[in-house]
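J.: full-length UniProt numbering puts the first residue of the sequence shown at 1, with every later residue one more than the last.
Submitted below is the structure of interest, expressed as structure tokens.
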Amino acid sequence: MARDAVWLSKGPTWPVSLGRRDGRVSYANETNQLPPPQADLTQLIQMFAVKGLDLKDLVVLSGAHTIGTAHCSSISDRLYNFTGLDNLSDVDPFLEKHYLAKLRSTCSPTDTKTIIEMDPGSFRTFDTSYFNYVAKRRSAFHSDWALLTDNFTRAYILKHANGFESEFFQDFAESMIKMGNVDVLTGSQGEIRKKCSIVN
Ligand code: HEM
Numbered sequence: 001m002a003r004d005a006v007w008l009s010k011g012p013t014w015p016v017s018l019g020r021r022d023g024r025v026s027y028a029n030e031t032n033q034l035p036p037p038q039a040d041l042t043q044l045i046q047m048f049a050v051k052g053l054d055l056k057d058l059v060v061l062s063g064a065h066t067i068g069t070a071h072c073s074s075i076s077d078r079l080y081n082f083t084g085l086d087n088l089s090d091v092d093p094f095l096e097k098h099y100l101a102k103l104r105s106t107c108s109p110t111d112t113k114t115i116i117e118m119d120p121g122s123f124r125t126f127d128t129s130y131f132n133y134v135a136k137r138r139s140a141f142h143s144d145w146a147l148l149t150d151n152f153t154r155a156y157i158l159k160h161a162n163g164f165e166s167e168f169f170q171d172f173a174e175s176m177i178k179m180g181n182v183d184v185l186t187g188s189q190g191e192i193r194k195k196c197s198i199v200n
């Protein structure tokens, strides 16, 4: 699905292995392995590293935020309650101030329903403009901004803020294949589904 969504959004494509074993149950607490949008760089590096993904995978795969939306509740701490003081001055200091004002006009403090475009203006198109927004400190998440705090990831963002789309596409395809090979089930674990959306 991810491959096809990216391709339909005018992004790259990559081969996906068939006959993959899938789980028979889902555990909500396994989502703890996903980094939160509040993560700083150390936390992002660590959570990617335990899955065998490196710094380049981190910055390249974060580029997926060129498509899609986020709920206001995923960013409300940046707008209203960054350090727990819960007042109008308690904002993420690394969020560009005009963009902060714009996000505030869309998201009220307790809004759990409204969504924002993560790559405003081209959120249905897979392109490099996400990197341009990150470079200007106009990204949705603190975790996106955090990629500016390391020399390697920062350099990648600044380069791709100005194009080099085909390089990003190639990198993205490679990192997606790598991520697709994380924690693959083998032997008698799970099952190969007859229909991909349901257990056999
Ligand atoms: C680097 C760490 C990452 C963090 C902290 C993160 C965080 C988030 C959050 C909080 C949302 C919005 C959820 C919501 O409010 O509805 C989101 C959406 C999204 N993320 Fe990430 N993400 C990360 C990495 C990735 C990766 C590796 C990919 C894929 C390669 C990805 C693809 C997406 C997409 C496509 C959406 C939009 C979903 C939609 O439109 O419903 N993200 N991410």
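Cβ coordinates follow ideal geometry from the N, Cα and C atoms, glycine included.
In the DSSP assignment, what residue or residues form a beta bridge with residue 210?
T.: Residue 210 lies beyond the stretch modelled for the chain, which goes from 1 to 200, so this question has no answer here.
J.: Rounded to whole angstroms, what is the Cα-Cα separation between Lys51 and Glu174?
T.: One-based indexing of the sequence shown puts residue 51 at position 51. One-based indexing of the sequence shown puts residue 174 at position 174. Whole-angstrom Cα-Cα distance: 15 Å.
J.: Out of Val91, Thr13, Glu191, Ile75, which one is the CA nearest neighbour of Asp111?
T.: For this step, residue 111 is matched to residue 111 along the sequence shown. Ranking the options by Cα distance to Asp111, first place goes to Ile75.
J.: For Arg104, I'd like the list of residues in its chain whose CB is within less than 6 Å of its CB, leaving aside the five on either flank, ordered along the chain.
T.: Within the sequence shown, the letter at position 104 stands for residue 104. Closer than 6 Å at the Cβ level, and outside the excluded window around Arg104, lie Leu79.
J.: Could you check if Ala28 is buried or exposed, using at least 16 other CB atoms within 10 Å of its CB as the buried criterion?
T.: Indexing the sequence shown from 1 puts residue 28 at position 28. By the 10 Å Cβ count, Ala28 comes out exposed.
J.: In whole angstroms, what separates the C-alpha of Glu30 from that of Ile192?
T.: Working through the sequence shown from its first residue, we reach residue 30 at position 30. Working through the sequence shown from its first residue, we reach residue 192 at position 192. Taking the straight line from one Cα to the other gives about 21 Å.
J.: Within its chain, find whatever has a CB closer than 6 Å to the CB of residue 222; leave out the 5 residues flanking it on each side and keep chain order.
T.: The structure shown has nothing for residue 222, since the chain only spans 1 to 200.
J.: Run through the DSSP bridge pairs and tell me what Thr69 is partnered with.
T.: In the sequence shown, counting from the first residue as 1, residue 69 sits at position 69. Looking at the DSSP assignment, Thr69 forms a beta bridge with Glu117.
J.: Could you check what DSSP says for Ile198 in three-state terms: helix, strand or coil?
T.: Within the sequence shown, residue 198 is the residue found at index 198, counting from 1. Ile198: coil per DSSP, three-state reduction.
J.: Is it true that the CB of Asp22 sits closer than 8 Å to the CB of Gly187?
T.: Along the sequence shown, one-based indexing puts residue 187 at 187. Along the sequence shown, one-based indexing puts residue 22 at 22. Their beta carbons are not under 8 Å apart, which means Gly187 does not touch Asp22 by this criterion.
J.: Using 8 Å as the Cβ pair cut-off and three pairs as the minimum, do the segment 115-134 and the segment 59-67 touch?
T.: Verdict: yes, contact present.
J.: Among the residues of its own chain, which have a CB less than 7 Å from the CB of Arg137, if the five just before and after it don't count?
T.: The count along the sequence shown starts at 1 and reaches residue 137 at position 137. Closer than 7 Å at Cβ, skipping near neighbours: Phe94, Leu95, Glu96, Trp145.
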